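Trainee:
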Amino acid sequence: MDGYEFYCQMDPVFYDRLTSAALRGSDYARTTGPAPDGWLRHTTDTWVYYAPAAADLPPAQGWKIHVSARQEDAVRALDLVWDHCVARRIAFKHLRGAPALLAQNSKTADRASSGKFITVYPRDEAELEVALKELDELLDGIEGPYVLSDLRYGTGPLHVRYGAFAERRCLDERGERVLALENGEGELVPDVRGVAFSVPPWIRLPAFLEPHLEARNAVTVTGLPYEIENVVQFSNGGGVYFGHDRDGRRVILKEARPHAGLDAMGRDAVARSRHERDVLRRLAGLEAVPELVDHFVLGGHEFLVTEFIDGEPLQRMLVNRYPLSTARPEPAALAEYTAWACEILPKVEQAVAALHARGVVFGDLHPENVLVTAEGRPVLIDFEVASLAADDARPALAHPAFLAPADRSGVEADRYALACLVLGLFAPQVTISLPLDPGKAARLAALIIETFPVPPRLIEDALEVLTATSGRDALRAAAPTALDRVAREGAAAWPELRGELHRAILASATPERDDRLFPGDVAQFRGGGAVNIATGAAGVLLALYETGAGRFPRYEDWLLERALRPGIGPGLYDGVIGVAHVLDRLGRRDDALELAARCLEGDCRDLGLSLYSGLSGLALGLLGLGLTDPARELVRACAERIGGPADVPEISGGEHPRAGLMHGSSGVALLFLHAYELDGDTALLDLARDALAQDLRRCRRGPDGSLQVDQGWRRLPYLEEGSAGIVPVLSRYLAHRDDPELAESLAGLRAVAGARFFVQPGLFNGRAGLIAALPPGDPDLPDLVAGLRWHALVHDGATAFPGDRLLRLSMDFATGTAGVLFALGHALGAAPCFLPLTQPPGTADRKHPAAPPFDPPTGGAA
Numbered sequence: 001m002d003g004y005e006f007y008c009q010m011d012p013v014f015y016d017r018l019t020s021a022a023l024r025g026s027d028y029a030r031t032t033g034p035a036p037d038g039w040l041r042h043t044t045d046t047w048v049y050y051a052p053a054a055a056d057l058p059p060a061q062g063w064k065i066h067v068s069a070r071q072e073d074a075v076r077a078l079d080l081v082w083d084h085c086v087a088r089r090i091a092f093k094h095l096r097g098a099p100a101l102l103a104q105n106s107k108t109a110d111r112a113s114s115g116k117f118i119t120v121y122p123r124d125e126a127e128l129e130v131a132l133k134e135l136d137e138l139l140d141g142i143e144g145p146y147v148l149s150d151l152r153y154g155t156g157p158l159h160v161r162y163g164a165f166a167e168r169r170c171l172d173e174r175g176e177r178v179l180a181l182e183n184g185e186g187e188l189v190p191d192v193r194g195v196a197f198s199v200p201p202w203i204r205l206p207a208f209l210e211p212h213l214e215a216r217n218a219v220t221v222t223g224l225p226y227e228i229e230n231v232v233q234f235s236n237g238g239g240v241y242f243g244h245d246r247d248g249r250r251v252i253l254k255e256a257r258p259h260a261g262l263d264a265m266g267r268d269a270v271a272r273s274r275h276e277r278d279v280l281r282r283l284a285g286l287e288a289v290p291e292l293v294d295h296f297v298l299g300g301h302e303f304l305v306t307e308f309i310d311g312e313p314l315q316r317m318l319v320n321r322y323p324l325s326t327a328r329p330e331p332a333a334l335a336e337y338t339a340w341a342c343e344i345l346p347k348v349e350q351a352v353a354a355l356h357a358r359g360v361v362f363g364d365l366h367p368e369n370v371l372v373t374a375e376g377r378p379v380l381i382d383f384e385v386a387s388l389a390a391d392d393a394r395p396a397l398a399h400p401a402f403l404a405p406a407d408r409s410g411v412e413a414d415r416y417a418l419a420c421l422v423l424g425l426f427a428p429q430v431t432i433s434l435p436l437d438p439g440k441a442a443r444l445a446a447l448i449i450e451t452f453p454v455p456p457r458l459i460e461d462a463l464e465v466l467t468a469t470s471g472r473d474a475l476r477a478a479a480p481t482a483l484d485r486v487a488r489e490g491a492a493a494w495p496e497l498r499g500e501l502h503r504a505i506l507a508s509a510t511p512e513r514d515d516r517l518f519p520g521d522v523a524q525f526r527g528g529g530a531v532n533i534a535t536g537a538a539g540v541l542l543a544l545y546e547t548g549a550g551r552f553p554r555y556e557d558w559l560l561e562r563a564l565r566p567g568i569g570p571g572l573y574d575g576v577i578g579v580a581h582v583l584d585r586l587g588r589r590d591d592a593l594e595l596a597a598r599c600l601e602g603d604c605r606d607l608g609l610s611l612y613s614g615l616s617g618l619a620l621g622l623l624g625l626g627l628t629d630p631a632r633e634l635v636r637a638c639a640e641r642i643g644g645p646a647d648v649p650e651i652s653g654g655e656h657p658r659a660g661l662m663h664g665s666s667g668v669a670l671l672f673l674h675a676y677e678l679d680g681d682t683a684l685l686d687l688a689r690d691a692l693a694q695d696l697r698r699c700r701r702g703p704d705g706s707l708q709v710d711q712g713w714r715r716l717p718y719l720e721e722g723s724a725g726i727v728p729v730l731s732r733y734l735a736h737r738d739d740p741e742l743a744e745s746l747a748g749l750r751a752v753a754g755a756r757f758f759v760q761p762g763l764f765n766g767r768a769g770l771i772a773a774l775p776p777g778d779p780d781l782p783d784l785v786a787g788l789r790w791h792a793l794v795h796d797g798a799t800a801f802p803g804d805r806l807l808r809l810s811m812d813f814a815t816g817t818a819g820v821l822f823a824l825g826h827a828l829g830a831a832p833c834f835l836p837l838t839q840p841p842g843t844a845d846r847k848h849p850a851a852p853p854f855d856p857p858t859g860g861a862a
């Protein structure tokens with residue numbers, strides 16, 4: 001339910017929650033009707049919770065029942081379960097309406113929670129047994145998706161698992177606070193919610209559930225005419241597997257789960273699998289289409305079998321070849337890549353044209369759905385949303401970077417996707433944002449022509465399809481932006497761009513709303529996300545102030561009032577101490593100290609060590625406020641838990657350990673450095689080195705010589721969790737102690753700044769973070785700043801930036817426009833902007849003068 005697509009339904013420009021008013025027409029009658037007498041009800045964006053009087057409340061954990069349902073059965077299922085639970089005073093919850101159920105079961109939904117429509121909380125095993133038997137009879141004939149994390153009861157829509165009822169949290173092996181269970185020794189341990197049924201080791205499976213476990217285990221692949229070798233990928237609709245038949249011929253098996261993986265038309269994965277089978281039969285014999293081998297049913301799941309294509313996904317080829325992702329690419333590398341792209345593009349176009357000649361629209365063209373053989377032959381895969389050209393339909397599912405606008409359908413939708421592919425091979429993923437700015441396609445095309453030695457006609461033709469106008473005329477009409485002028489003139493053009501960014505942010509403010517002040521990432525709708533530094537009002541106000549926009553007392557009051565509410569953690573970037581830091585910067589020290597006192601009221605022992613939300617961030621926030629005594633206590637706690645250079649600290653355990661500023665050991669090292677600068681104890685400097693060494697152990701050198709955080713399946717250069725975040729901390733350490741080994745590592749970490757393209761523009765996980773991590777005056781900064789043009793959008797006449805996933809604009813600090821503003825202020829401003837408590841030692845912590853005045857929007861500065 002945290003999927004970004006869910007937050008795209010309300011607003012075409014910003015991520016937003018579906019409001020009660022928007023949901024009211026689609027809520028179930030039980031949601032809008034009165035609560036039962038003597039019952040409490042709590043409604044969220046997606047769930048409605050019911051509990052009887054306190055004496056009847058369920059325990060903190062136990063066996064829970066999940067009821068699944070398809071859309072056509074949902075109302076009947078809810079009525080039956082409602083009446084059953086109310087009569088027996090059993091607590092329960094349900095999804096509030098049809099949009100939530102569709103999102104829960106969509107193809108992009110979380111597989112671990114998919115299918116969960118109603119949750120029932122029996123008080124003990126005896127009540128569990130009775131409830132399952134009675135509900136099984138009541139719900140006879142109702143169908144729903146299998147809940148993968150649970151044990152299915154019988155053959156109906158009931159599923160069970162042992163887990164938490166009440167929200168309790170503990171630290172997992174990565175140092176993150178997660179939902180918790182109490183084990184046999186009374187200790188809190190993570191409540192693991194995976195995609196396979198399991199029972200905690202200290203819990204016995206009730207005897208009445210054993211036959212259902214035996215029935216589950218009886219479904220195997222033994223006896224199939226195929227042997228599955230390994231997994232290609234999973235989605236909520238099912239899995240894709242490599243395999244071979246009895247003759248050794250390699251095949252692809254594509255699984256379809258009934259009632260799961262819904263698309264915009266409400267079709268489940270099974271319906272699409274059968275549709276794909278029929279399309280493949282129609283396309284049989286085409287060189288660009290895999291051969292259909294088989295279609296069968298196993299355990300209620302349907303499997304489509306096609307020939308194995310010995311080819312490489314075009315997306316992987318793009319990633320491996322793309323020259324702008326390497327440090328300081330040479331012109332020869334740009335030319336080589338351009339030649340390859342110009343060779344493959346017409347071949348893909350011919351493959352799509354072959355489908356059209358058979359009367360079929362592909363409907364889901366993107367680089368992952370194109371395999372390229374060793375001979376250079378493209379083969380199209382995944383025909384589950386293909387349609388007949390005669391139907392002139394729009395695809396029910398599509399990659400957002402290749403999705404045609406509403407006025408394109410049928411064959412024209414494929415042609416639009418082909419045009420996006422032309423631009424997308426030179427600017428990966430950026431076409432996602434085209435709907436947010438009508439002029440973006442032309443500016444993007446011009447930037448591609450400026451950067452690559454590409455034939456202009458290729459780009460012009462693609463632009464003509466995208467804009468439905470002359471591509472050449474569209475290029476000529478593309479007016480330069482303030483960011484273009486900064487790219488040419490540097491700091492001299494900064495005031496104009498700064499003013500545009502200020503206006504864009506302030507124009508988006510919604511002080512009349514209680515749930516957010518500035519639109520940003522979807523995380524702002526959870527916990528303290530609307531107020532904190534990362535995604536909330538605090539970060540935006542900080543960026544505005546540090547770049548000279550001045551103060552906005554009305555917005556500060558909005559922030560303070562909500563930060564004082566219960567339920568927000570103490571963290572630096574996700575919680576209260578971060579808000580205190582910002583208010584102190586804004587001159588509201590008394591308010592800051594009040595918030596800091598609240599942070600110290602709770603028990604901090606269950607916090608992780610991270611800078612983002614844990615002990616090191618809290619301690620740094622206290623040090624920044626001059627509260628040295630409680631901060632020193634937290635420094636000691638961090639020192640006890642960080643471990644030595646060869647140890648794996650609790651914040652960095654697991655298969656893919658985290659490293660970097662926000663969630664790795666570098667944030668803890670930053671705390672030790674501040675403490676050393678305060679007390680002069682060289683043992684703290686030793687601890688800082690140990691912590692930095694832990695993060696550096698998780699870095700690997702790439703072919704271009706850059707040093708990046710290696711997660712095993714990808715390398716990260718970013719500020720939040722990557723090499724850029726280590727840079728300012730390591731630089732601070734080296735200012736205190738000469739260390740040739742670490743100095744060499746610093747050079748490798750900084751080399752990532754030589755790359756010329758990043759998928760996102762944001763501060764925490766994008767280009768802006770590298771800008772903020774480098775010292776002012778660094779020679780790579782001009783190119784990094786100029787590269788923001790790849791993602792810059794014009795919104796209401798001002799420059800703004802899309803947030804994470806690029807689907808909507810964001811104004812927040814971590815992902816959006818405020819973070820880019822802050823980074824540009826660091827690179828171009830007269831007084832550099834430093835991330836909270838990261839300014840180099842000895843740097844004057846001065847207040848920033850106000851920018852030239854401009855008219856704030858209505859409801860702006862008080």
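The numbering of the sequence shown is full-length UniProt numbering, which starts it at 1 and goes up by one.
Note that the Cβ used here is the ideal one computed from N, Cα and C, for glycine as well.
Please read all numbers here as calculations on a predicted model, not as lab measurements.
How would you label V319, buried or exposed, when you count the other beta carbons within 10 angstroms and need 16 or more for buried?
Mentor: Its Cβ having fewer than 16 others within 10 Å, V319 is exposed.
Trainee: Throw me the rounded Cβ distance for the A509 and F518 pair, which I believe falls under 8 Å.
Mentor: Right, their Cβ atoms sit about 6 Å apart.
Trainee: Report buried or exposed for T469, applying the criterion of at least 16 other Cβ atoms within 10 angstroms of its Cβ.
Mentor: Classification for T469: exposed.
Trainee: Between H159 and the rest of its own chain, which residues show a CB-CB distance below 6 Å, the 5 nearest in sequence each way excluded?
Mentor: Closer than 6 Å at the Cβ level, and outside the excluded window around H159, lie H66, V147, D150, R152.
Trainee: Using DSSP with H/G/I as helix, E/B as strand and the rest coil, what is V379?
Mentor: Strand, per DSSP.
Trainee: Hey, which unbroken runs of the beta strand (DSSP E) at 3 residues or more fall wholly within the segment 80-134?
Mentor: With a minimum length of 3 residues, the continuous beta strand (DSSP E) runs that stay inside the segment 80-134 are 91-95, 118-121.
Trainee: Among E677, H94, D804, L128, which has the Cα closest to the Cα of L209?
Mentor: L209 has its Cα closest to that of L128, out of E677, H94, D804, L128.
Trainee: What does DSSP give as the partner residues of E302 in its beta bridges?
Mentor: Note: E302 sits in a beta bridge opposite A256, V297.
Trainee: Roughly how far, in whole angstroms, is the beta-carbon of R96 from the beta-carbon of T31, given that I think they are within contact range, below 8 Å?
Mentor: The Cβ separation is near 5 Å, so the contact holds.
Trainee: Can you tell me which of the three DSSP states W202 falls into?
Mentor: W202: coil per DSSP, three-state reduction.
Trainee: Here's the rule I'm using: 16 or more other beta-carbon atoms within 10 Å means buried, otherwise exposed. How should H301 be labelled?
Mentor: Classification for H301: buried.
Trainee: When you compare only the Cα positions, how much space is there between G261 and L730?
Mentor: Taking the straight line joining both Cα atoms gives about 46 Å.
Trainee: What does F242 pair with, by DSSP beta-bridge criteria?
Mentor: DSSP output for F242 lists N230, I252 as bridge partner(s).
Trainee: Bridge partners for F518 per DSSP, in chain order?
Mentor: Answer by DSSP bridge pairing: none, since F518 is not bridged.
Trainee: Need the endpoints of the beta strand (DSSP E) that I65 sits in, please.
Mentor: Run containing I65: 61-67, per the beta strand (DSSP E) assignment.
Trainee: Report the partner residues of Q708 according to the DSSP bridge assignment.
Mentor: In the DSSP output, where bridge partners are listed per residue, Q708 has R700.
Trainee: D263: which of Q104, E214, V86, L542 sits nearest, CA to CA?
Mentor: It is Q104 whose Cα lies nearest to the Cα of D263.
Trainee: What residue range does the alpha helix (DSSP H) around L784 cover?
Mentor: Element bounds for L784: 781-786.
Trainee: I'd like the span of the alpha helix (DSSP H) that includes R281, first residue to last.
Mentor: First-last of the alpha helix (DSSP H) with R281: 269-282.
Trainee: Quick check on this structure: which residue in R714, E330, F117, T108 has the alpha carbon closest to the alpha carbon of L78?
Mentor: Per the Cα distances, F117.
Trainee: Do you know how far the Cα of A534 is from the Cα of A724?
Mentor: In a straight line, the C-alpha of A724 is about 17 Å away from that of A534.
Trainee: With three or more beta-carbon pairs closer than 8 Å as the criterion, would you say the segment 565-580 touches the segment 126-143?
Mentor: No: the two stretches stay apart, fewer than three of their Cβ pairs being nearer than 8 Å.
Trainee: Just to confirm, is the Cβ distance from R641 to L611 under 8 Å?
Mentor: It is not a contact, given that the beta carbons lie outside the stated cut-off.
Trainee: Check L388 in the structure and name its three-state DSSP category.
Mentor: Reduced to three states, the DSSP call for L388 is strand.
Trainee: Would A445 pass as a contact of L418 if the rule is Cβ separation under 8 Å?
Mentor: The answer is no: Cβ separation not under 8 Å.
Trainee: Can you tell which of G186, E185, A164, G184 has the C-alpha that lies nearest to the C-alpha of V178?
Mentor: The option with the nearest alpha carbon to V178 is A164.
Trainee: Go ahead and pull the three-state DSSP assignment for P802.
Mentor: Here P802 sits in strand by DSSP.
Trainee: Inspect the beta-carbon positions of L809 and H791 and report whether they are closer than 8 Å.
Mentor: Result no, Cβ atoms of L809 and H791 do not sit closer than 8 Å.
Trainee: Look at Y733 and A669 and say whether their C-beta atoms are less than 8 Å apart.
Mentor: In this structure, A669 lies closer than 8 Å to Y733 by Cβ.
Trainee: Since L40 contacts A55 with CB under 8 Å, what's their CB separation in whole angstroms?
Mentor: No, L40 and A55 are not in contact; Cβ-Cβ is about 13 Å, not under 8 Å.
Trainee: Count Cβ pairs between the segment 331-340 and the segment 382-395 that sit closer than 8 Å; are there 3 or more?
Mentor: Because the criterion of three Cβ pairs below 8 Å is not met, the segment 331-340 and the segment 382-395 do not touch.
Trainee: Classify S198: buried if its beta carbon has 16 or more other beta carbons within 10 angstroms, exposed otherwise.
Mentor: Per the 10 Å Cβ criterion, exposed.
Trainee: Would you say L57 and A74 are within 8 Å of each other, going by their C-beta atoms?
Mentor: Not in contact: L57 and A74 (Cβ atoms no closer than 8 Å).
Trainee: Three-state secondary structure (DSSP) at P649?
Mentor: Because the pLDDT of P649 is 45, which lies under 50, any placement of that residue in the model is unreliable, and the number read from its coordinates should be weighed accordingly. P649 falls in the coil class under three-state DSSP.
Trainee: Classify Y337 as helix, strand or coil using the three-state DSSP reduction.
Mentor: Helix at Y337.
Trainee: Three Cβ pairs or more, each shorter than 8 Å: is that satisfied between the segment 369-376 and the segment 405-415?
Mentor: No: the two stretches stay apart, fewer than three of their Cβ pairs being nearer than 8 Å.
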